[in-house]
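Mapping of the sequence shown onto our numbering: position 76 corresponds to residue 480, and the numbering continues sequentially without gaps. Here the structure is laid out as C-alpha cells; the discussion comes afterwards.
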Amino acid sequence: MSGALEALEASGAGEESVEVVRVPGSFEIPLVAKKLAAGGRADAVIAIGCVLRGETTHFDYVAGEVARGVQLAQLDTGVPVIFCVLTCDTLEQAIDRAGLKGGNKGYEAGMAAAEMANLSKKLRPMEPLRVGKNPARGKRR
Numbered sequence: 405m406s407g408a409l410e411a412l413e414a415s416g417a418g419e420e421s422v423e424v425v426r427v428p429g430s431f432e433i434p435l436v437a438k439k440l441a442a443g444g445r446a447d448a449v450i451a452i453g454c455v456l457r458g459e460t461t462h463f464d465y466v467a468g469e470v471a472r473g474v475q476l477a478q479l480d481t482g483v484p485v486i487f488c489v490l491t492c493d494t495l496e497q498a499i500d501r502a503g504l505k506g507g508n509k510g511y512e513a514g515m516a517a518a519e520m521a522n523l524s525k526k527l528r529p530m531e532p533l534r535v536g537k538n539p540a541r542g543k544r545r
C-alpha cells in the first residue's frame, strides 16, 4: 500500500484527497471498491490485496472472483478500479512483488490510477446515436 500512496503523491494527489479503506479479506474488496467508485468522490480506486495459494482449492475460487468483482465494479460505475490483488504461491513471492525483487506492484497501481483518472476526465461520455429522418436525404436538385 505504501508504494501506491507514494505514486499518488508523486503524481500530484494531495494527502487530503486520498482515502484508505481496509477490508477484512480479499473477497470483500470488490464490494467496497464498487461502493467507493459509486459514491461520486473517487476519480479512481485502487484495489490492493493478496491471495496466497494454500493447500486447498479455496485460492482458485477467491482469486478469480475478486478479479471478476473488481472488473465489474469499474464497468458498473465508470470509475477506474485498478486491480492490484497479488495472487501468489508463497509469502516470499508476495513480498518480492510488493517491492523487493519483482518491482513494486503498489507503486505501479498508484501510477495507473493517476493515469486512468486523468484519462477518464478527458474522455467525454458518448452522445447517444439519434435515429430518425435526415431532412437533407431524399431531396433531389
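Where is the CB? At the ideal position from N, CA and C, for every residue including glycine. Remember, predicted model here, so these are calculated numbers, not experimental data.
Since Arg-501 and Leu-490 should fall inside the 8 angstroms C-beta cutoff, what is the C-beta to C-beta distance between them, to a whole number of angstroms? Going by Cβ atoms, the distance from Arg-501 to Leu-490 rounds to 5 angstroms, so yes, they are a contact pair.
Could you please give me the residues that DSSP links to Ala-502 through a beta bridge? Asn-508
Quick one: does Lys-509 have its CB under 8 angstroms from some CB of chain C? In summary, chain C is missing from the structure at hand, where a single protein chain is found.
Is the stretch 505-520 close to the stretch 453-469, with three or more CB pairs under 8 angstroms? Taking 8 angstroms as the limit for Cβ pairs, the verdict is that the stretch 453-469 does not touch the stretch 505-520.
Looking at C-alpha atoms only, which residue of Gly-444, Val-424, Val-449, Glu-469 is the closest neighbour of Ser-430? Glu-469
Does DSSP put Ala-437 in a helix, a strand or coil? helix
In whole angstroms, what is the alpha-carbon distance linking Leu-495 and Phe-463? Going by the C-alpha atoms only, they are around 14 angstroms apart.
Would you kindly work out how many angstroms separate the C-alpha atoms of Ala-516 and Gly-418, rounded to a whole number? 16 angstroms
Measuring alpha carbon to alpha carbon, tell me which of Ala-451, Asn-508, Glu-423, Val-422 ends up nearest Leu-435. Ala-451
For Val-425, which residues of its own chain have a beta-carbon under 8 angstroms away from its beta-carbon, when the five flanking residues on both sides are left out? Val-436, Leu-440
May I have a chain-ordered list of the alpha helix (DSSP H) segments no shorter than 4 residues that lie completely inside the stretch 470-501? 495-501
With 16 other CB atoms within 10 Å as the buried threshold, where does Leu-412 fall? buried
Nearest to Met-405 by CA position, among Gln-475, Lys-526, Arg-534, Glu-512, is which residue? Glu-512
Quick one: using the 10 Å Cβ neighbour count with 16 as the cut-off for buried, is Gly-507 buried or exposed? exposed
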